[in-house]
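To start, the structure under review is shown below, and the notes come after it.
There are 2 protein chains.
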Amino acid sequence: MPTPWPYRFTQNAKSTQSSAIRELFKVTANPEVISFGGGLPAPEVFPIEAFKTACDKVLTTNGPMALQYSNSEGYAPLREMISRQMDSFGLKLGLDNILITTGTQQSIDLISKLLLNNADRLLVEDPTFLGALQIFGLFGARFTTVPTDSDGLQTELLPEAFRSGPQFMYVIPTFQNPAGVTLSLKRREALITLSDQYGIPIVEDDPYSALRFEGETLTPLLALDAARLGTADGYAAGNVIYCGSFSKTLAPGLRLAWIAAPPEVISKLVQIKQGADLHTPIFVQMAAYETLRDGFLEKHIQKIRAVYRERRDVMLAAMDEHFPKGMEWTHPAGGLFLWARLPEGMVSAELLRTAIKMNVAFVPGNSFFAVDEKAGERYFRLNFSNMKPERIREGIRRLGQAIGEAHKV
Amino acid sequence: MPTPWPYRFTQNAKSTQSSAIRELFKVTANPEVISFGGGLPAPEVFPIEAFKTACDKVLTTNGPMALQYSNSEGYAPLREMISRQMDSFGLKLGLDNILITTGTQQSIDLISKLLLNNADRLLVEDPTFLGALQIFGLFGARFTTVPTDSDGLQTELLPEAFRSGPQFMYVIPTFQNPAGVTLSLKRREALITLSDQYGIPIVEDDPYSALRFEGETLTPLLALDAARLGTADGYAAGNVIYCGSFSKTLAPGLRLAWIAAPPEVISKLVQIKQGADLHTPIFVQMAAYETLRDGFLEKHIQKIRAVYRERRDVMLAAMDEHFPKGMEWTHPAGGLFLWARLPEGMVSAELLRTAIKMNVAFVPGNSFFAVDEKAGERYFRLNFSNMKPERIREGIRRLGQAIGEAHKV
Numbered sequence: 434m435p436t437p438w439p440y441r442f443t444q445n446a447k448s449t450q451s452s453a454i455r456e457l458f459k460v461t462a463n464p465e466v467i468s469f470g471g472g473l474p475a476p477e478v479f480p481i482e483a484f485k486t487a488c489d490k491v492l493t494t495n496g497p498m499a500l501q502y503s504n505s506e507g508y509a510p511l512r513e514m515i516s517r518q519m520d521s522f523g524l525k526l527g528l529d530n531i532l533i534t535t536g537t538q539q540s541i542d543l544i545s546k547l548l549l550n551n552a553d554r555l556l557v558e559d560p561t562f563l564g565a566l567q568i569f570g571l572f573g574a575r576f577t578t579v580p581t582d583s584d585g586l587q588t589e590l591l592p593e594a595f596r597s598g599p600q601f602m603y604v605i606p607t608f609q610n611p612a613g614v615t616l617s618l619k620r621r622e623a624l625i626t627l628s629d630q631y632g633i634p635i636v637e638d639d640p641y642s643a644l645r646f647e648g649e650t651l652t653p654l655l656a657l658d659a660a661r662l663g664t665a666d667g668y669a670a671g672n673v674i675y676c677g678s679f680s681k682t683l684a685p686g687l688r689l690a691w692i693a694a695p696p697e698v699i700s701k702l703v704q705i706k707q708g709a710d711l712h713t714p715i716f717v718q719m720a721a722y723e724t725l726r727d728g729f730l731e732k733h734i735q736k737i738r739a740v741y742r743e744r745r746d747v748m749l750a751a752m753d754e755h756f757p758k759g760m761e762w763t764h765p766a767g768g769l770f771l772w773a774r775l776p777e778g779m780v781s782a783e784l785l786r787t788a789i790k791m792n793v794a795f796v797p798g799n800s801f802f803a804v805d806e807k808a809g810e811r812y813f814r815l816n817f818s819n820m821k822p823e824r825i826r827e828g829i830r831r832l833g834q835a836i837g838e839a840h841k842v
Numbered sequence: 434m435p436t437p438w439p440y441r442f443t444q445n446a447k448s449t450q451s452s453a454i455r456e457l458f459k460v461t462a463n464p465e466v467i468s469f470g471g472g473l474p475a476p477e478v479f480p481i482e483a484f485k486t487a488c489d490k491v492l493t494t495n496g497p498m499a500l501q502y503s504n505s506e507g508y509a510p511l512r513e514m515i516s517r518q519m520d521s522f523g524l525k526l527g528l529d530n531i532l533i534t535t536g537t538q539q540s541i542d543l544i545s546k547l548l549l550n551n552a553d554r555l556l557v558e559d560p561t562f563l564g565a566l567q568i569f570g571l572f573g574a575r576f577t578t579v580p581t582d583s584d585g586l587q588t589e590l591l592p593e594a595f596r597s598g599p600q601f602m603y604v605i606p607t608f609q610n611p612a613g614v615t616l617s618l619k620r621r622e623a624l625i626t627l628s629d630q631y632g633i634p635i636v637e638d639d640p641y642s643a644l645r646f647e648g649e650t651l652t653p654l655l656a657l658d659a660a661r662l663g664t665a666d667g668y669a670a671g672n673v674i675y676c677g678s679f680s681k682t683l684a685p686g687l688r689l690a691w692i693a694a695p696p697e698v699i700s701k702l703v704q705i706k707q708g709a710d711l712h713t714p715i716f717v718q719m720a721a722y723e724t725l726r727d728g729f730l731e732k733h734i735q736k737i738r739a740v741y742r743e744r745r746d747v748m749l750a751a752m753d754e755h756f757p758k759g760m761e762w763t764h765p766a767g768g769l770f771l772w773a774r775l776p777e778g779m780v781s782a783e784l785l786r787t788a789i790k791m792n793v794a795f796v797p798g799n800s801f802f803a804v805d806e807k808a809g810e811r812y813f814r815l816n817f818s819n820m821k822p823e824r825i826r827e828g829i830r831r832l833g834q835a836i837g838e839a840h841k842v
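Protein sequence lines, in the order shown, are assigned to chains A and Y.
Under this note's numbering, the first residue of the first sequence is numbered 434, with each subsequent residue one higher.
Under this note's numbering, the first residue of the second sequence is numbered 434, with each subsequent residue one higher.
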């Protein structure tokens, strides 16, 4: 006899769905399936030996500290290392500008707790990262979207969007997820100017920018905003909250990321983080620092770039060979993803059913559109970082076949 | 020239304060200070060598998995180990009853996201764990409190409290933080019956129960609720959400804990956890499992018990020797804390100022009272797990002196 159900879930929790990607992750656990669906780094580039040595050293020399409770701000040497990474952009961040988090997903959660009231309006790109949409949705956000093209966010449409009164704008300027496009320098400058003019903060999500295959590095929005304020400011009162991550440069399984922002914002986020998980596992912070210090990170990034560049090239070549006419796709200069559009009349979510039968998977585009899911129905996202070249070739061949079959129907 | 401040913090974020304990943690970083203020385990009992061996083994045999993205539910062998821990109470939990979290602070955060709307009412003990009050406050909870005595929560006052319409009751039944008291079996049964009668879920926070120094183990509320439902149920629709933790039995710096609840609750919490940090660092989960498996945990807990029992005894003896007449304190049968009351007319927050000058610290009682802070002003919490016996003796001597001096004034 069933007992009465005592739980009254909140409305936002009730409407929360498991992300399409996380669910796909389960299906594609089958090793027969070639999955371009996740955002998984290549396990071949994980610095397992270096990390093992670092764990051993941390536990041997500093075990009690590595296993004890720690402060919520994060491990000071790691924060110092992070702040020095921004030096090349002329930005002098202090320790009080940096908070260590348990992955960018947590960074977004903490920022949402700081800035989002239920039913607040929020500006996002169309399309954008669905993991962010999921958490914003849990906080009851209503979305205004700004479309992107091959130069990223269309900043000429921003003034109207800013006038809708959003709490902040969430943007992925470099090698955007899902589209793989990068916001041009001119548009970055326009975004910073408009953000200041309208008094709307920008949350800059930047997990991929280190993974550039070609072309020149573009200045992050945080550094452009600091330049606007002048270097004497030391980023005391800027408009940008920057989210960095070690998931794509070290390893995602460690859940290690950071937020850089004005000290007053960081100090409030520290209090909110106390309530979220007290602190990011200190052992992981110390072992990551020990792994990455003394130039290891920079050398390691070179290695990842070479591997991912080859995989992108292999994927693009295979798409040229196997995909039918009437299709278009982006040519990312870095990162993990590219974004493809099916011929008119085709729907990517329907294609996925055919594709899975042929043991190949991707993420349909509709989930990346915050308001009008239908706008994404011809699109899909492909990840090129996780599979070895021969699997990429075979997967794109299968996918081309699936598209061909679905196209005939 | 200052730039206009674009950030509009939410009302709940604005009213969030750093917890008194976290702030004290900074002051007491000074090694001269003998701090009874934190809730820190003894670093001497951390199984550093065993954990180091486990890290090495995990990275050697399963490095790519340990560093890659993982599922949100948590590492299956660890969840299996956790569910088997409850077998001795006749409770057969399945994997779908268990979610791994990044510390109990996160467990409480996820449960709050599931159940707390802004301005919802919540039932808590008086006094209770202030880290929980902090996170509930961030969700805008309003509190109803139920007083405790030496047998824990006064359940005869529950019917009236339940009629105030709380979303749930948060309770720490065993070796309660801060009071060190334990809810009697009779009261546990009354709580379970009333929870079912009024349809109010119970969140059972149980980080300390393994650390029992004497007397018989009491059945957790989760298992009593399962017994009410009958074993055939498999805990499909119970009223209790149980929060367990490895912070006090393995190491807090790893941030490793779990929630046990009906599958429908867990499945919603899994979605919410996706938004909070995707998953708890999988490397940490695997290394913890590898450390604790094959009976290591049970043997290790015996060792911790012996160390903490001695420290409790040393503290109680020193209090008998150095504390003035007119004071009272609890005699906990386990856990990490005891709870003392100053002579009439004295205020523990004022005493703390004197005490810190004499290089000894504790947490004043007022922070542990959700509604009427004044009710806690004569109380303070002492932690006996973190300091070695000679430091405990010296700290209590100093504290006795501080009390004596404040008493004279």
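Glycine included, C-beta positions come from ideal geometry on N, C-alpha and C.
Check                                                                                                                                                                                       : Outcome
What in chain A is Cβ-close to W438(Y), meaning under 7 Å?                                                                                                                                  : A670
Determine which residues of the region 516-538 of chain Y have a Cβ less than 7 Å from any Cβ of chain A, and write them out in chain order.                                                : T535, G536 and Q538
By Cβ distance, which residues of its chain are closer than 7 Å to P435(A), with the 5 residues on each side in sequence left out?                                                          : Note on P435(A): pLDDT 46, under 50, position unreliable in the model; the coordinate value appears next. So the list is empty, once near-sequence residues are dropped.
May I have the straight-line CA-CA distance separating D658(A) from R826(Y), to the nearest angstrom?                                                                                       : 55 Å
How would you list, in chain order, the residues of chain A whose beta-carbon sits under 9 Å from the beta-carbon of P611(Y)?                                                               : Going along chain A, no residue has its Cβ under 9 Å from P611(Y), so there is no contact; the nearest lies around 16 Å.
Along the chain, where does the beta strand (DSSP E) containing R824(A) start, and where does it finish?                                                                                    : Here R824(A) belongs to no beta strand (DSSP E); instead the alpha helix (DSSP H) covers P822 to K841.
According to the neighbour-count rule (16 or more other Cβ atoms, all chains shown, within 10 Å of its Cβ), is E723(Y) buried or exposed?                                                   : buried
Assess contact between the region 795-803 of chain A and the region 624-638 of chain A, defined as three or more Cβ pairs (one per stretch) separated by less than 8 Å. Is contact present? : no
Please report whether the beta-carbon of K736(A) lies at a distance below 8 Å from any beta-carbon of chain Y.                                                                              : no
Quick one: grab the DSSP three-state call for P435(Y).                                                                                                                                      : At P435(Y), the pLDDT of 46 sits below 50, so the modelled position is not reliable; the number obtained from the coordinates is stated separately. P435(Y) falls in the coil class under three-state DSSP.
Check for me: the beta strand (DSSP E) holding D629(A) runs from which residue to which?                                                                                                    : Here D629(A) belongs to no beta strand (DSSP E); instead the alpha helix (DSSP H) covers L618 to Y631.
With DSSP run on the structure shown, which of helix, strand or coil describes F795(Y)?                                                                                                     : coil
8 Å is my cut-off, CB to CB: does A446(A) come that close to chain Y?                                                                                                                       : yes
Would you say D584(A) and S540(A) are within 8 Å of each other, going by their C-beta atoms?                                                                                                : no
In the DSSP assignment, the alpha helix (DSSP H) including E783(A) goes from what residue to what residue?                                                                                  : S781 to K790
Leaving out five residues before and five after A509(Y) in sequence, what residues of the same chain have Cβ atoms less than 7 Å from its Cβ?                                               : L528
Measure the beta-carbon distance from I705(A) to A565(Y) and round it to whole angstroms, keeping in mind my assumption that it falls under 8 Å.                                            : With 8 Å as the limit, I705(A) and A565(Y) do not qualify as a contact, their Cβ atoms being about 15 Å apart.
In the DSSP assignment, find the unbroken alpha helix (DSSP H) run with R814(A) in it and report its ends.                                                                                  : R814(A) -> not in any alpha helix (DSSP H); beta strand (DSSP E) instead, spanning Y812 to N816.
Given this structure, state the Cα-to-Cα distance separating L687(A) from E593(Y), to the nearest angstrom.                                                                                 : 47 Å
Which of the three DSSP states, helix, strand or coil, is assigned to S680(Y)?                                                                                                              : coil
Under the three-state reduction of DSSP, which class applies to S597(Y): helix, strand or coil?                                                                                             : coil
Closer than 8 Å, CB to CB, is T449(A) near chain Y or not?                                                                                                                                  : yes
Using the Cβ count rule (16 or more neighbours within 10 Å means buried), how would you classify Q567(A)?                                                                                   : buried
Report yes if the CB atom of P439(Y) is closer than 8 Å to the CB atom of G632(A), and no otherwise.                                                                                        : yes
Return the Cβ separation of Q718(Y) and L526(Y) in integer angstroms, given the expectation that the two are a contact with Cβ distance under 8 Å.                                          : Actually they do not touch by this definition, with Cβ atoms about 18 Å apart.
Only counting the same chain, and skipping five residues up and downstream in sequence, which positions put a Cβ closer than 7 Å to that of Q600(A)?                                        : L548, L549, D553, R554 and L555
If you measure between the beta carbons of Y675(A) and L655(A), is that distance less than 8 Å?                                                                                             : yes
Counting only Cβ-Cβ distances shorter than 8 Å, please list the residues of the region 704-725 of chain Y near chain A, keeping chain order.                                                : Q704, I705, Q707, G708, A709, D710, L711, H712, T713, P714, I715, F716 and V717
Using a Cβ-Cβ cutoff of 7 Å, what residues of the region 475-488 of chain Y are near chain A? List them in chain order.                                                                     : P476, F479, I481, F484, K485 and C488
Could you confirm whether any beta carbon from chain Y is found closer than 8 Å to the beta carbon of F678(A)?                                                                              : Inspection of the sequence shows that residue 678(A) is occupied by Ser rather than by Phe. By this cut-off, S678(A) is not an interface position.
Between the region 752-766 of chain A and the region 826-841 of chain A, can you find at least three pairs of beta-carbon atoms closer than 8 Å?                                            : yes
Would a check of beta-carbon distances place L548(A) closer than 8 Å to chain Y?                                                                                                            : yes
Using DSSP bridges, identify the partner residues of R645(Y).                                                                                                                               : G767(Y)
Roughly how many angstroms lie between the CA atoms of N463(Y) and G837(Y), to the nearest whole one?                                                                                       : 24 Å
State buried or exposed for E482(A), treating a residue as buried only when at least 16 other CB atoms are found within 10 Å of its CB.                                                     : exposed
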